[in-house]
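Structure first, then comments.
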Amino acid sequence: MTRVLCYSWSERTARVAAAVAAELAVEMDRIVAPRVRAGGLWGMLVWGRAARAGADTPVEVPPVDWPRFGALVLAAPVWAGRVAVPMASFLRAHPALPPRLGLVMTGADPRRPAGAFADFARLAGREPLATLYVARARVERGDFAPDIAEFCAALAAGP
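Residues are numbered in this note's numbering as their position in the sequence shown, beginning at 1, plus a constant of 261.
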């Protein structure tokens with residue numbers, strides 16, 4: 262059994278994560294970060310700097326026994342080339358994860374952020390079976406269904 266866990270600042274990541282959950286026919290849970298507010302350019306600068314500094318923030322996560330799932334898909338936006346602070350905070354506080362991981366990221370850059378995926382894998386403590394990056398413009402156009410199918414197939418094909 263698989264589960265999807267998502268943090269989304271602007272709902273773009275949530276849109277992609279929901280499509281992954283629908284393709285896999287599984288539930289999606291959300292990370293809530295009460296202190297993190299979408300605050301335009303200023304908020305992006307503050308939280309981007311926090312991401313680069315490795316800062317933490319309090320997060321609220323459903324009381325789920327994550328290791329009992331066969332696989333977990335983690336979805337988060339890229340902030341200043343790193344994993345968003347709320348997802349990073351979750352990963353630092355909840356090291357017990359299923360052995361099979363899929364990582365989904367969204368961001369403004371049209372290019373895949375290799376450094377952000379390396380950061381994500383380091384925080385998760387393992388290499389993912391599948392990764393997916395969807396740039397903001399593609400999320401807004403709804404132009405990512407083939408990528409979702411490919412990601413889900415790679416996750417299913419893993420050991």
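Here a beta-carbon is modelled for each residue, glycine too, at the ideal position from N, C-alpha and C. The structure displayed is predicted, hence computed values, not measured ones.
Distance, Cα to Cα, residue i vs residue j?
i	j	result
Tyr268	Leu390	20 Å
Arg387	Pro323	22 Å
Ala280	Asp380	24 Å
Arg264	Glu272	19 Å
Pro407	Met366	16 Å
Trp327	Ala414	21 Å
Asp404	Met289	21 Å
In the DSSP assignment, what are the bridge partners of residue i?
i	result
Ala224	Because the chain spans 262 through 420 in this model, residue 224 falls outside it and cannot be assessed.
Leu266	Asp290 and Leu335
Trp340	Arg343
Once DSSP output is grouped into helix, strand and coil, what is the label at residue i?
i	result
Glu272	coil
Gly368	strand
Ala357	coil
Can you check whether the CB of residue j is closer than 8 Å to the CB of residue i?
i	j	result
Ala337	Thr274	yes
Ala377	Arg343	yes
Ala410	Glu284	yes
Trp270	Ala341	no
**Request:** Take every Cβ of the segment 392 to 402, pair it with every Cβ of the segment 315 to 323, and state whether three or more of those distances are shorter than 8 Å.
**Result:** The segment 392 to 402 and the segment 315 to 323 do not touch, with fewer than 3 CB-CB distances between them shorter than 8 Å.
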